[in-house]
Amino acid sequence: MTTVCGPEGPLRTRTSPPPPPVRAVLFDFSGTLFQIGGYEERIRAVLPGPVTDAEMDAVLDALEAGLADPDVIAAQAGRDVSAAAHRHAFTTWYASAPALAPYADALYAQLRTPGLWRPYADTEATLTRLTERGVALGVVSDVGWDLRATFAHHGLADFFSTWVHSYEHDSEKPDPRLFRYACGELGIAPEETLMVGDHPSKDGGAASAGLRAYVLPAGASPGAERGLGAVLRLL
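So in our numbering, spot 169 of the sequence shown is number 502, and the numbers just go up one at a time.
Rendered as structure tokens:
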């Protein structure tokens with residue numbers, strides 16, 4: 334029987350069984366397990382000559398202003414539902430900074446370069462300990478390309494049994510179908526699965542598919558300790 338809830342909780346009292354143990358963990362990619370190198374480093378790599386600190390500040394200011402540009406905002410709609418939409422969204426934003434407009438495609442190519450991504454300091458140790466406990470692992474990411482090459486480059490691909498890339502499903506998180514698809518691939522029920530990410534509405538949306546969710550605060554620096562050890566305490 335479906336539970337009907339009022340503002341404070343269920344209308345009818347019933348005995349709820351304890352939650353089942355977590356048998357699978359799904360991870361987001363960027364900002365959760367990996368982070369790409371900083372913007373200053375990436376920009377210096379594509380521009381043809383030396384860049385002074387003042388010039389870099391101007392470029393970064395232009396990128397920041399671009400986030401409010403109507404064309405940039407419009408390009409973000411449905412960004413992760415296809416490879417073409419993903420590329421368009423990012424290159425439109427890069428090109429909003431005049432100094433970067435000729436290099437927008439080069440900046441986008443960096444995203445697809447495995448060596449430019451860095452696992453967080455506690456990524457491998459956390460994945461190792463989960464695997465040792467017999468927990469099945471998967472990736473559910475809003476992204477425009479196949480992530481397996483990046484994980485393989487860093488020796489982390491073999492930890493995972495399923496890969497759900499949004500662009501391959503013509504959708505994006507928090508669509509419940511993405512989370513349920515991953516659970517189906519693993520052969521584990523949603524109520525026995527934990528989603529870990531860094532976006533409250535997207536990754537936290539896994540709860541609408543019956544999963545539990547753990548959302549990390551955004552903004553960790555590349556290569557930093559991410560706090561993934563907390564996942565182990567949730568099992």
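Every residue gets a Cβ at the ideal spot worked out from N, C-alpha and C, and that includes glycine.
No experiment lies behind these values; they were computed from the predicted model shown.
In this structure, V414 sits near Y500, with a CB-CB distance shorter than 8 Å. S429 sits close to A395, with the two beta carbons spaced by under 8 Å. The closest CA to that of T456, considering only S349, A557, D503, P353, is found on A557.
Closest option to E388, judged by alpha-carbon separation, among E373, V548, Y547, A469: E373. Closest option to S504, judged by alpha-carbon separation, among H419, G467, I521, L527: H419.
The beta carbons of A357 and G471 sit about 7 Å from each other, so the pair counts as a contact at 8 Å.
One thing to note: L359 has its Cβ within 8 Å of the Cβ of F512. Separation of H421 and V468 (C-alpha to C-alpha, rounded to the nearest whole angstrom) is 37 Å. Annotation for G537: A546, V548 place their beta carbon closer than 6 Å to its own, counting only its chain and skipping 5 residues before and after.
Take A432, set aside five residues on each side of it, and the residues of its chain with a beta-carbon closer than 6 Å to its own are V392, in chain order. When secondary structure is reduced to three states using DSSP, S499 falls in the helix class.
For F423, the three-state secondary structure derived from DSSP is helix.
Residue state for Q368 is assigned as strand, using DSSP reduced to three classes.
Listed in chain order, the alpha helix (DSSP H) runs fully inside the stretch 343–401 are 372–379, 386–399, counting runs of at least 4 residues. In this structure, Y453 sits away from Y441, with a CB-CB distance that is not shorter than 8 Å. In the structure shown, the three-state DSSP call for T464 is helix. No Cβ-Cβ contact shorter than 8 Å links R445 with W496. Boundaries of the alpha helix (DSSP H) harbouring V564: 562–566, taken from the DSSP string. Counting only runs that start and end inside the stretch 491–536, the beta strand (DSSP E) elements of at least 3 residues fall at 495–498, 526–530. Taking C-beta separations shorter than 6 Å and ignoring five residues to either side along the sequence, the partners of C516 in its chain run P523, T526, following chain order. Only residues of its own chain outside the window of five on either side were considered, and among them A418, E505 have a CB closer than 8 Å to the CB of G411, listed in chain order.
Here the C-alpha atom of L568 lies approximately 15 Å from the C-alpha atom of G560.
L440 sits in a helix when the DSSP states are folded into three classes. Cβ contact annotation for R375 (same chain, cutoff 6 Å, sequence separation greater than five): Q443, in chain order.
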